[in-house]
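What follows is a set of notes on a single structure, which appears directly below.
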């Protein structure tokens, strides 16, 4: 089941707080929130294509930091965002 970081943040369990911190560390929500709304579908589709994702849930798991990205994924995500002048992408959107 999809786990949204905002839901995890509402819990008071000590382990859940650690999970939230990990999610924020691997999330690229900060960069995503800086994209013009008109470009989000394009960027999402490019990332999905580059990594061979067939379903949007794979993309959103990475967007929200639920999956620790590989080095190759980090480099590619940073390259895609840099095309839009966005270099500070890692972390939650706060």
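Numbering (this note's numbering), first residue to last: 186 to 279.
We put the CB at the ideal spot given by N, CA and C, even for glycine.
What distance in whole Å lies between the Cβ atoms of residue j and residue i, which are believed to be in contact at a cut-off of 8 Å?
i           : j           : result
residue 274 : residue 236 : Not quite, the Cβ-Cβ distance comes to about 16 Å (not below 8 Å), so this is no contact.
residue 244 : residue 232 : 6 Å
residue 218 : residue 267 : The Cβ separation is near 16 Å, so there is no contact.
Assign residue i to one of two classes, buried (16 or more other C-beta atoms within 10 Å of its C-beta) or exposed (fewer than that).
i           : result
residue 270 : exposed
residue 264 : exposed
residue 228 : buried
residue 222 : exposed
residue 210 : exposed
residue 251 : buried
Within 9 Å of any Cβ in chain B, is that where the Cβ of residue i sits?
i           : result
residue 277 : This model lacks chain B altogether, as it is built from one protein chain only.
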